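Comments concern the structure below.
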Amino acid sequence: MAATSLASRFARPTLPFKSPYVIELLDGSIDATTESVRLIFESMEGTLRGALDSNVLDECKKIQVAVDIARGLAYVHGQSLVHCNLKPGNVFVDHSGRAKLADFDLCCDPKHVRKTIGTAQYMAPELTAFESTNEASFPVDVYAFGVLLTELNTGDVPYSDGDYVSQFALWKDVQGGRRPALRDDCPAWYRDLAIACMAAEPNARPTVAEIIHRLERQLL
Numbered sequence: 001m002a003a004t005s006l007a008s009r010f011a012r013p014t015l016p017f018k019s020p021y022v023i024e025l026l027d028g029s030i031d032a033t034t035e036s037v038r039l040i041f042e043s044m045e046g047t048l049r050g051a052l053d054s055n056v057l058d059e060c061k062k063i064q065v066a067v068d069i070a071r072g073l074a075y076v077h078g079q080s081l082v083h084c085n086l087k088p089g090n091v092f093v094d095h096s097g098r099a100k101l102a103d104f105d106l107c108c109d110p111k112h113v114r115k116t117i118g119t120a121q122y123m124a125p126e127l128t129a130f131e132s133t134n135e136a137s138f139p140v141d142v143y144a145f146g147v148l149l150t151e152l153n154t155g156d157v158p159y160s161d162g163d164y165v166s167q168f169a170l171w172k173d174v175q176g177g178r179r180p181a182l183r184d185d186c187p188a189w190y191r192d193l194a195i196a197c198m199a200a201e202p203n204a205r206p207t208v209a210e211i212i213h214r215l216e217r218q219l220l
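Given below as structure tokens:
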């Protein structure tokens, strides 16, 4: 689909992102009458969530997608920014199955990451525990990446098997140690990586560089 139809979902045209792992902003304009913004992005096939729903990615392509996303995060973190809303709906896939990050509405300096920012299922414990002394910084993206790994593995939206009446009920379970399920036949290396990324303590999570290294070994 052309990215122009989804322009309102992708923010911050002022961010100078130039990476093969981040969706490219081609042009933009502002309607002075309505004060609406029209952004034109490179054309992509659709979101990763759509690709998972359509079951068009084989296991090898899923690993490549994970590598691409991790490289995109490495680039964003290299700009001293935290994405803050990583999820399959904010990742786009091209015709060859390569992935690019999008939607930088919540992207911010690590010193300004706010509590309860993001999408409930992908939010790290330090974002949802108001009494937590852990600073919210780059590891919140690593946690979200771990949740995304479970989604790549199962194809299911995280916690879709739970009957949560509110996001606060979900957060309480996550604070208690619940994490999204992986398939029974999930490879041990993949399970270990996903679990490590979703560690309760931010400092226990791997860095994005470590994630890339562990994933790239599987592509050799």
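Going by full-length UniProt numbering, 136 is the number at position 136 of the sequence shown; the sequence numbering is gapless. A virtual CB, placed ideally from N, CA and C, is assigned to each residue, including glycine. A quick note: this is a predicted structure, and the numbers were derived from the prediction, not measured.
{"Asked": "Does the distance from the CB of VAL140 to the CB of VAL82 come in under 8 Å?", "Found": "yes"}
{"Asked": "Whose C-beta lies closer than 7 Å to the C-beta of TYR143 among residues of the same chain, with five residues either side of it excluded?", "Found": "ALA124, CYS197, MET198 and ARG205"}
{"Asked": "Per DSSP, which residues does CYS46 bridge with? Please list them.", "Found": "Checking the sequence shown, residue 46 turns out to be Gly, not Cys. According to DSSP, GLY46 bridges with VAL93."}
{"Asked": "Only counting the same chain, and skipping five residues up and downstream in sequence, which positions put a Cβ closer than 6 Å to that of TRP171?", "Found": "THR128"}
{"Asked": "Tell me the rounded alpha-carbon separation between ASP58 and LEU52.", "Found": "10 Å"}
{"Asked": "Just how far apart, CA to CA, sit GLY155 and VAL147?", "Found": "12 Å"}
{"Asked": "So, with DSSP's three-state summary, where would you put VAL56?", "Found": "coil"}
{"Asked": "Within this structure, are the beta carbons of ILE23 and LEU101 separated by less than 8 Å?", "Found": "yes"}
{"Asked": "Residues bridged to LYS100 by DSSP?", "Found": "PHE92"}
{"Asked": "Assuming the contact rule is C-beta atoms closer than 8 Å, ALA194 and LEU149 should be a hit. Round their C-beta distance to whole Å, please.", "Found": "4 Å"}
{"Asked": "State the DSSP-derived secondary structure class of ILE23, mapped to helix, strand or coil.", "Found": "coil"}
{"Asked": "If we ignore side chains and look at the alpha-carbon of each, how far apart do LYS111 and SER80 end up?", "Found": "10 Å"}
{"Asked": "Using a Cβ-Cβ cutoff of less than 7 Å, which residues in the same chain neighbour LYS159 once the five nearest sequence positions on both sides are dropped?", "Found": "Here the sequence assigns Tyr to residue 159, which means Lys is not the residue at that position. Here the set comprises GLN121, LEU170 and PRO180."}
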